[in-house]
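Participant: Here the sequence shown stands for residues 2 to 200, numbered as in the working numbering. Glycine included, each C-beta is placed from N, C-alpha and C at the ideal position. Model, not experiment: these values are computed from the prediction. First the structure, then my questions, so here it is.
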Amino acid sequence: MVRRQLFQIFVLCLVLFGLAFALAPWFAFRALKANARDHDVAGLSEMVDLRAVRASLRDQVEEPGRPAPEPGQAAPDIWRDPLGAMRRALEPFAEPLSPLTPAPARLEPYLTPAGLYDLTRGYAPGAAPPEPPPPEGLERVVAVLSEPWPSLRFWGVNRVRFAVHPPEQAGEVTVLTFQRTDLFQWKLVHVRLPDRDAV
2 MVRRQLFQIF VLCLVLFGLA FALAPWFAFR ALKANARDHD VAGLSEMVDL
52 RAVRASLRDQ VEEPGRPAPE PGQAAPDIWR DPLGAMRRAL EPFAEPLSPL
102 TPAPARLEPY LTPAGLYDLT RGYAPGAAPP EPPPPEGLER VVAVLSEPWP
152 SLRFWGVNRV RFAVHPPEQA GEVTVLTFQR TDLFQWKLVH VRLPDRDAV
């Protein structure tokens, strides 16, 4: 009798462990969104690999006033655009110093808490509509539980990709990639922006 109860407890613990292991990335996404919404810089520093996210955005975000390269167009070379080629060649060397050096001006809006919050909602930084004030009491709990969850793009043991988009524009999908750093801890390491010109 005692052995049977111990076996049932063991199976229950195993099931709970499996559920926690599988759902940890979703909770990490929701924690990232909450930390960004509330401007919790300490919480964001534990959940975002700024160096990796900055590197993932570098080739996707163009400098203001500079035309975006056409599809298939080669990267700037030393003969046609010497300054652009030098800037492109030196930017990776700044990545190891990313916590100590400011991000390039074109990337700053994406790396702020407000920018990260907009990205978790599927919007470009600064393009999200203002949120209504949160309800009070039990309605607040219902509102939190009814928040839209991100759609799963890929689930692996050490890497998970979520897709988010604005409610009114299903074609503008932003892909957020999380990587496991511990048994139940995940970190944002890559952001794939939507091709808004193609929508």
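Return the chain-ordered list of same chain residues with a C-beta closer than 6 Å to the C-beta of proline 26, the five sequence neighbours on each side being excluded.
Facilitator: Excluding sequence neighbours, proline 26 sits near Val161, Phe179 and Trp187.
Participant: Beta-carbon within less than 6 Å of leucine 117's beta-carbon, same chain only, minus the 5 sequence neighbours each way: which residues are those?
Facilitator: Ala37, listed in sequence order.
Participant: To the nearest angstrom, report how far apart tyrosine 124 and alanine 29 are at their CA atoms.
Facilitator: Approximately 19 Å between the Cα atoms of the pair.
Participant: For alanine 173, count the other beta carbons within 10 Å of its own beta carbon; 16 or more makes it buried, fewer makes it exposed. Which is it?
Facilitator: According to the sequence displayed, residue 173 carries glutamate and not alanine. So glutamate 173 ends up on the buried side.
Participant: Kindly give me the distance between the Cβ atoms of leucine 58 and valine 192, rounded to whole angstroms, as I take these residues to be in contact under 8 Å.
Facilitator: 6 Å between Cβ atoms; contact.
Participant: Rounded to whole angstroms, what is the Cα-Cα separation between arginine 52 and aspartate 60?
Facilitator: So the two alpha carbons sit approximately 14 Å from each other.
Participant: Excluding five sequence neighbours on each side, which residues of the same chain lie with their C-beta closer than 6 Å to the C-beta of proline 195?
Facilitator: So the qualifying residues of the chain are Glu173, Val174 and Thr175.
Participant: Since I believe glycine 127 is in contact with proline 110 (beta carbons under 8 Å), could you give me their beta-carbon distance rounded to a whole number of angstroms?
Facilitator: The pair is a contact, with the Cβ atoms about 6 Å apart (cut-off 8 Å).
Participant: DSSP three-state call for arginine 31: helix, strand or coil?
Facilitator: Helix at arginine 31.
Participant: Is it buried or exposed, alanine 69, if we count other Cβ atoms within 10 angstroms and call 16 or more buried?
Facilitator: For alanine 69, the predicted structure reports a pLDDT of 48, less than 50, and the residue's modelled location is therefore unreliable. The matter cannot be settled from this model.
Participant: If you measure between the beta carbons of alanine 115 and arginine 122, is that distance less than 7 Å?
Facilitator: Result no, Cβ atoms of alanine 115 and arginine 122 do not sit closer than 7 Å.
Participant: Rounding to the nearest angstrom, what Cα-Cα distance links glutamate 169 and leucine 120 in this structure?
Facilitator: Approximately 15 Å, taken between the alpha carbons.
Participant: Tell me whether the beta-carbon of phenylalanine 163 lies closer than 7 Å to the beta-carbon of proline 149.
Facilitator: Not in contact: phenylalanine 163 and proline 149 (Cβ atoms no closer than 7 Å).
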